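Visitor: If you count the sequence shown from 1, position 89 lands on 156 in the numbering used here, and the numbers rise without skipping.
For each residue, glycine too, the CB sits at the ideal point set by N, CA and C.
No experiment lies behind these values; they were computed from the predicted model shown.
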Amino acid sequence: MELDPSSFATMSPEEFAALVKGMSDREIAETMRGEHRIAVLDAVFARFPTLFRPDRAEGVSATTQFRITGGPESRPHDTYEIVIDDGSCRVSEEPGDDYDVSLMMAPAEFLKMTTGRGNPTMLVMRGKIKVKGDLALAATFPSMFDIPKA
């Protein structure tokens with residue numbers, strides 16, 4: 068199986084989750100070191116606002132930074148930010164140094180977390196996700212979204 072960004076526009080979040088579920092960690096890592104890395108990450112992050120549940124984020128005003136490792140030598144990591152404010156959710160166009168919580172992980176853990184295949188709390192406890200900043204926000208962040216499951 069292969070993550071082909073050209074099919075993402077017509078693929079539902081559940082279909083994407085099923086595709087990821089059928090891939091091994093090694094296959095994910097290989098794909099995310101290749102030419103489709105940015106397109107895959109852009110597509111996944113573009114869906115965050117559509118999966119956002121404002122009713123689960125009342126009173127939350129926070130920036131969550133994702134640092135995805137495992138890239139090619141020329142670009143070993145990529146950083147994205149999700150900004151939740153006043154019942155809205157958006158992907159920041161220019162991630163910076165000002166965030167409430169930062170989550171650093173390899174591509175396989177990121178895709179597991181965003182497709183409901185991996186429990187974020189367990190991934191943190193096993194050291195697969197490194198958290199810097201507001202631990203409570205890190206723990207509640209996934210609950211603010213309808214995470215698709217395969």
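(1) Our contact map puts I151 next to H144 with C-beta atoms below 8 angstroms; I'd like the distance itself, whole angstroms only.
(2) Chain C beta carbons: is any one of them nearer than 8 angstroms to that of R93?
(3) D153: buried (16+ other C-beta within 10 angstroms of its C-beta) or exposed?
(4) Excluding five sequence neighbours on each side, which residues of the same chain lie with their C-beta closer than 8 angstroms to the C-beta of S261?
(5) Following the continuous alpha helix (DSSP H) through M180, name the residue where it begins and the one where it ends.
(6) Please name the residue or residues paired with M192 in a DSSP beta bridge.
Guide: Let's see:
(1) Actually they are not in contact, since the Cβ atoms of I151 and H144 sit about 23 angstroms apart, beyond 8 angstroms.
(2) Absent here is chain C; the protein component of the structure consists of one chain.
(3) Result: exposed.
(4) Summary: the structure shown does not reach residue 261, with the chain confined to residues 68 through 217, and so no result is reported for it.
(5) Unbroken alpha helix (DSSP H) run through M180: 174-181.
(6) BP columns for M192 are empty, so no partner.
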